[in-house]
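Novice: Residues 1 to 98, numbered by the numbering used here, are exactly what the sequence shown covers, in order.
Virtual Cβ for every residue (Gly too), placed ideally from N, Cα, C.
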Amino acid sequence: MNQPAATGDHRQTDYLLRVLGQICRRTNRTIDQYLRAKALTEAVGHSDYACGLRRPTGINERDRRTLERLIDCLQRRFPPDGWDEVPPISRRARPGVR
Numbered sequence: 001m002n003q004p005a006a007t008g009d010h011r012q013t014d015y016l017l018r019v020l021g022q023i024c025r026r027t028n029r030t031i032d033q034y035l036r037a038k039a040l041t042e043a044v045g046h047s048d049y050a051c052g053l054r055r056p057t058g059i060n061e062r063d064r065r066t067l068e069r070l071i072d073c074l075q076r077r078f079p080p081d082g083w084d085e086v087p088p089i090s091r092r093a094r095p096g097v098r
């Protein structure tokens, strides 16, 4: 691959990683809100409402796993300069680990 194309690919990858990271953080906030709402409804005694929150929570958790896989694939395919010195465990994006 020639140098200008590689540089362009890395710029696009950096942009996509930032966007995916933002989406992942927003998804994590949404999951946290659903979990808090579920805990609150269970504490009040409305278990039927809590059951209704399971599905959207599960959908968002599935979306988060998909985003994490996309981020991981992009980082493996286009590692930033200087990652040769970084241990592999720190390469993995784990936004919002609960």
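(1) Going by the beta-carbon positions, is the gap between Thr-27 and Asp-63 smaller than 8 Å?
(2) Only counting the same chain, and skipping five residues up and downstream in sequence, which positions put a Cβ closer than 7 Å to that of Pro-56?
(3) When DSSP labels each residue in this structure, what does His-10 get in the three-state scheme?
(4) Within the present structure, is the beta-carbon of Gln-33 separated from the nearest heavy atom of the ligand ATP by less than 7 Å?
(5) Are Leu-17 and Leu-74 touching if we call contact CB-CB under 8 Å?
(6) Considering just the uninterrupted stretch of the alpha helix (DSSP H) at Gly-58, what are its terminal residues?
(7) Rounded to whole angstroms, what is the Cα-Cα separation between Lys-38 and Val-44?
Specialist: Here's the rundown:
(1) yes
(2) Tyr-34
(3) helix
(4) No copy of the ligand ATP occurs in the structure displayed, which carries no ligand at all.
(5) yes
(6) Segment 47-77, the alpha helix (DSSP H) holding Gly-58.
(7) 10 Å
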